[in-house]
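Going line by line, the protein sequences match chains A and B. Be aware that the first sequence starts at 1, since it is given in our numbering, and climbs by one per residue. Be aware that the second sequence starts at 324, since it is given in our numbering, and climbs by one per residue. From the three backbone atoms N, C-alpha and C, an ideal C-beta is built for every residue, glycine too. Encoded as structure tokens, the structure appears first; notes follow it.
Protein chains: 2
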Amino acid sequence: MRQAGRYLPEYRAIREKTDFLTLCKTPELASEVTVQPIDIIGVDAAILFSDILVIPEAMGMHLEVLESKGPVFDAPIRSRGDLQRLNIDGVTERLNYIMDAIKMTKEKLNGRVPLIGFSGAPWTLATYMVEGKGSKSFDTVKSLIFTDPVAAHELLQILADAVVDYLNAKIRAGCDAVQIFDTWAGILSPGDLEEFSLKYIRYICERLETNDAPVIVFAKGVNDLSKLADLKCDVIGLDWTVDIGVARSEIGSTKALQGNLDPCVLFAPKEKIRLETERILERFGPGEGHVFNLGHGILPKTPVENTQYLVSCVKELSVRNHL
Amino acid sequence: MRQAGRYLPEYRAIREKTDFLTLCKTPELASEVTVQPIDIIGVDAAILFSDILVIPEAMGMHLEVLESKGPVFDAPIRSRGDLQRLNIDGVTERLNYIMDAIKMTKEKLNGRVPLIGFSGAPWTLATYMVEGKGSKSFDTVKSLIFTDPVAAHELLQILADAVVDYLNAKIRAGCDAVQIFDTWAGILSPGDLEEFSLKYIRYICERLETNDAPVIVFAKGVNDLSKLADLKCDVIGLDWTVDIGVARSEIGSTKALQGNLDPCVLFAPKEKIRLETERILERFGPGEGHVFNLGHGILPKTPVENTQYLVSCVKELSVRNHL
Numbered sequence: 001m002r003q004a005g006r007y008l009p010e011y012r013a014i015r016e017k018t019d020f021l022t023l024c025k026t027p028e029l030a031s032e033v034t035v036q037p038i039d040i041i042g043v044d045a046a047i048l049f050s051d052i053l054v055i056p057e058a059m060g061m062h063l064e065v066l067e068s069k070g071p072v073f074d075a076p077i078r079s080r081g082d083l084q085r086l087n088i089d090g091v092t093e094r095l096n097y098i099m100d101a102i103k104m105t106k107e108k109l110n111g112r113v114p115l116i117g118f119s120g121a122p123w124t125l126a127t128y129m130v131e132g133k134g135s136k137s138f139d140t141v142k143s144l145i146f147t148d149p150v151a152a153h154e155l156l157q158i159l160a161d162a163v164v165d166y167l168n169a170k171i172r173a174g175c176d177a178v179q180i181f182d183t184w185a186g187i188l189s190p191g192d193l194e195e196f197s198l199k200y201i202r203y204i205c206e207r208l209e210t211n212d213a214p215v216i217v218f219a220k221g222v223n224d225l226s227k228l229a230d231l232k233c234d235v236i237g238l239d240w241t242v243d244i245g246v247a248r249s250e251i252g253s254t255k256a257l258q259g260n261l262d263p264c265v266l267f268a269p270k271e272k273i274r275l276e277t278e279r280i281l282e283r284f285g286p287g288e289g290h291v292f293n294l295g296h297g298i299l300p301k302t303p304v305e306n307t308q309y310l311v312s313c314v315k316e317l318s319v320r321n322h323l
Numbered sequence: 324m325r326q327a328g329r330y331l332p333e334y335r336a337i338r339e340k341t342d343f344l345t346l347c348k349t350p351e352l353a354s355e356v357t358v359q360p361i362d363i364i365g366v367d368a369a370i371l372f373s374d375i376l377v378i379p380e381a382m383g384m385h386l387e388v389l390e391s392k393g394p395v396f397d398a399p400i401r402s403r404g405d406l407q408r409l410n411i412d413g414v415t416e417r418l419n420y421i422m423d424a425i426k427m428t429k430e431k432l433n434g435r436v437p438l439i440g441f442s443g444a445p446w447t448l449a450t451y452m453v454e455g456k457g458s459k460s461f462d463t464v465k466s467l468i469f470t471d472p473v474a475a476h477e478l479l480q481i482l483a484d485a486v487v488d489y490l491n492a493k494i495r496a497g498c499d500a501v502q503i504f505d506t507w508a509g510i511l512s513p514g515d516l517e518e519f520s521l522k523y524i525r526y527i528c529e530r531l532e533t534n535d536a537p538v539i540v541f542a543k544g545v546n547d548l549s550k551l552a553d554l555k556c557d558v559i560g561l562d563w564t565v566d567i568g569v570a571r572s573e574i575g576s577t578k579a580l581q582g583n584l585d586p587c588v589l590f591a592p593k594e595k596i597r598l599e600t601e602r603i604l605e606r607f608g609p610g611e612g613h614v615f616n617l618g619h620g621i622l623p624k625t626p627v628e629n630t631q632y633l634v635s636c637v638k639e640l641s642v643r644n645h646l
């Protein structure tokens with residue numbers, strides 16, 4: 001999950017000369033940083049370097065990504081009328097730079113490891129588009145969904161259709177798997193979760209032309225994992241607050257599980273990294289269907305040698321689970 | 324939960340003349356804002372106006388509370404050596420201004436409604452003391468607990484003992500119930516949650532001299548509520564992401580439940596406020612043991628009339644549950 005990043009000196013060297021969005025939009029550079037972790041860390045798959053907010057940006061919303069503040073839209077969506085401003089035709093065409101980055105990355109990978117592409121889920125994209133920036137309470141986007149649910153659903157449907165197109169294009173361009181991130185699913189009450197988040201993830205999953213490319217859904221912070229069990233996807237992402245053994249029994253064996261390690265464990269001494277790796281593998285238990293991963297994005301200050309050590313631990317210790 | 328606040332013009336009038344910490348430390352003013360919501364909103368209990376960080380402040384840590392940035396400690400705890408800086412004797416004595424505020428509030432309330440006092444749980448207090456300010460990833464405090472668990476436990480034990488003393492003093496001063504908040508319990512993996520959070524909440528609950536004052540524990544973001552079922556407390560607080568009916572069956576009938584309404588619902592039209600109130604009461608079902616409340620603190624921009632409407636809905640609709 002988000003393997004490339006500020007923790008790598010090789011990435012920082014490129015970022016010193018290029019702002020974040022330009023990096024996303026320049027296939028030569030995006031493919032270069034995508035491939036970095038494969039050589040440096042030794043992970044088993046590459047994740048295309050990008051950002052979930054390229055979709056609203058391609059709809060005409062002016063986006064700035066500031067390291068100090070995170071992403072900022074200077075003219076957020078606040079009403080049904082604001083939806084008129086969105087340029088919803090030809091979104092995937094305007095994201096063609098990503099398809100070019102996929103093709104270049106596939107060339108650079110040259111078959112060594114598979115490539116994963118991702119998209120934000122409609123609810124998470126909508127939170128940023130309405131709040132205009134990060135939020136603690138998300139009261140602006142929630143005010144919109146409670147006060148004008150029709151406008152909210154219109155926006156979510158626009159986004160769901162765009163995500164279907166976008167992920168299908170990514171698969172066609174060469175992604176071997178796609179992931180749908182709903183980073184802010186966990187801020188919704190059970191009823192609102194179904195109405196404003198899961199409904200649209202379900203819609204997307206049913207419309208992906210996957211050609212057998214696995215589909216990963218990560219709805220962060222969703223307590224009741226059984227709600228994800230019926231999604232038409234292959235893998236469910238888990239953060240670190242759930243027990244992966246319990247998750248396996250709640251979700252059932254029809255889906256693989258991904259994740260579960262607290263990204264902060266990479267700041268711990270080697271013994272703790274090994275212990276936590278062992279614990280997660282044991283809790284998952286024997287058998288196939290576990291994509292070992294962090295439970296969220298890798299943090300900027302993570303020591304590189306600890307990521308390398310983690311990968312070596314996983315490779316060494318997971319053998320037992322597959323005897 | 325945190326009833327007084329910026330959403331009330333009467334509170335803002337006082338804050339215009341007084342900074343946040345001075346307000347906490349001036350019994351005449353703290354008691355005045357504590358009583359405001361009783362008259363204005365019509366709630367059934369008062370919550371003493373204060374802040375969880377008065378404990379580290381009384382241990383000698385310099386605290387600033389900035390409206391734009393939240394709380395900031397300018398010299399956070401980063402190592403075992405830093406613990407020497409904490410002045411851990413006589414903490415409750417230095418918090419005597421709070422006991423005075425309790426006595427004044429009880430006089431102002433004059434028996435109309437009970438008074439609830441609160442404390443942060445050791446883990447949440449430690450996160451602020453180590454991070455020095457709010458955080459998204461909490462990598463600094465987690466680095467400490469993973470790298471030097473002995474120091475982390477020393478800090479948590481110091482805090483646990485301080486919280487026991489502090490809450491016992493609050494009960495002696497006249498609080499009719501006490502609440503322990505673990506706002507950041509939900510950022511821990513299941514094993515770390517037990518080791519660094521619940522262990523200390525359990526320690527506190529076993530040592531409170533309650534004189535039958537109910538003890539409320541709110542460990543926000545804890546997915547597996549059965550973990551809280553054996554705590555020696557009377558009420559478990561719930562945020563809005565869980566179904567209160569499911570929570571009731573997981574925790575069992577020996578404890579009452581508090582909370583469950585998304586604070587953002589107070590930004591919704593009246594019909595939605597009524598509908599959500601109805602839904603939560605129905606999900607809880609008939610019988611005693613539900614303290615209707617928000618699932619977290621009331622938000623600064625909440626319209627006052629909506630809080631009044633919520634209280635009237637709860638009073639009207641909850642009658643059915645008690646037939």
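Cβ-based burial, residue i [other Cβ within 10 Å; buried from 16]
i, result
"residue 284 (chain B)", "One cannot answer for residue 284 (chain B) here, as it falls past the ends of chain B, which runs 324 to 646."
"residue 429 (chain B)", "buried"
"residue 150 (chain A)", "exposed"
"residue 515 (chain B)", "buried"
"residue 393 (chain B)", "exposed"
"residue 493 (chain B)", "buried"
"residue 552 (chain B)", "exposed"
"residue 538 (chain B)", "buried"
"residue 521 (chain B)", "buried"
"residue 415 (chain B)", "buried"
"residue 407 (chain B)", "exposed"
"residue 404 (chain B)", "exposed"
"residue 55 (chain A)", "buried"
"residue 366 (chain B)", "buried"
"residue 131 (chain A)", "buried"
"residue 609 (chain B)", "exposed"
"residue 234 (chain A)", "buried"
"residue 16 (chain A)", "exposed"
Within chain B, the residues that residue i reaches when beta carbons sit closer than 7 Å
i, result
"residue 240 (chain A)", "512"
"residue 301 (chain A)", "462"
"residue 237 (chain A)", "Result: empty, since nearest Cβ-Cβ is about 15 Å, beyond 7 Å."
Interface partners of residue i on chain B, CB under 8 Å
i, result
"residue 264 (chain A)", "460, 461, 462, 465, 466, 469"
"residue 267 (chain A)", "462, 465, 466, 469, 470"
"residue 223 (chain A)", "546, 564, 565"
Residue i beta carbon near the ligand ZN (any heavy atom closer than 7 Å)
i, result
"residue 377 (chain B)", "Only the bare structure without any ligand can be found here, which leaves the ligand ZN out of the picture."
Beta-ladder partner(s) of residue i, from DSSP
i, result
"residue 180 (chain A)", "A:119, A:217"
"residue 559 (chain B)", "B:540, B:580"
"residue 46 (chain A)", "A:115"
"residue 70 (chain A)", "A:66"
"residue 272 (chain A)", "Partner(s): none; residue 272 (chain A) has no beta bridge."
"residue 617 (chain B)", "B:584"
Inter-residue CB distance, residue i and residue j (contact presumed, cutoff 8 Å)
i, j, result
"residue 368 (chain B)", "residue 436 (chain B)", "5 Å"
"residue 257 (chain A)", "residue 238 (chain A)", "6 Å"
"residue 431 (chain B)", "residue 549 (chain B)", "About 40 Å; that fails the 8 Å criterion."
"residue 281 (chain A)", "residue 317 (chain A)", "6 Å"
"residue 344 (chain B)", "residue 386 (chain B)", "7 Å"
"residue 623 (chain B)", "residue 328 (chain B)", "7 Å"
Candidates the options: closest to residue i by CA position
i, options, result
"residue 101 (chain A)", "A:282, A:91, A:77, A:117", "A:117"
"residue 513 (chain B)", "A:289, A:243, A:48", "A:243"
"residue 179 (chain A)", "A:319, A:87, A:120, A:7", "A:120"
"residue 211 (chain A)", "A:183, A:175, A:218", "A:175"
"residue 248 (chain A)", "A:13, A:289, A:263", "A:289"
"residue 618 (chain B)", "B:518, B:506, B:329, B:636", "B:506"
"residue 204 (chain A)", "A:303, A:167, A:277, A:22", "A:167"
"residue 252 (chain A)", "A:259, A:236, A:260", "A:236"
"residue 222 (chain A)", "A:209, A:186, A:233, A:202", "A:186"
"residue 181 (chain A)", "A:82, A:73, A:53", "A:53"
"residue 7 (chain A)", "A:142, A:259, A:270, A:307", "A:307"
"residue 372 (chain B)", "B:422, B:400, B:413, B:411", "B:422"
"residue 383 (chain B)", "B:399, B:370, B:374, B:391", "B:399"
Interface partners of residue i on chain A, CB under 7 Å
i, result
"residue 566 (chain B)", "190"
"residue 595 (chain B)", "146"
Chain-ordered chain A contacts of residue i [CB-CB under 8 Å]
i, result
"residue 602 (chain B)", "191"
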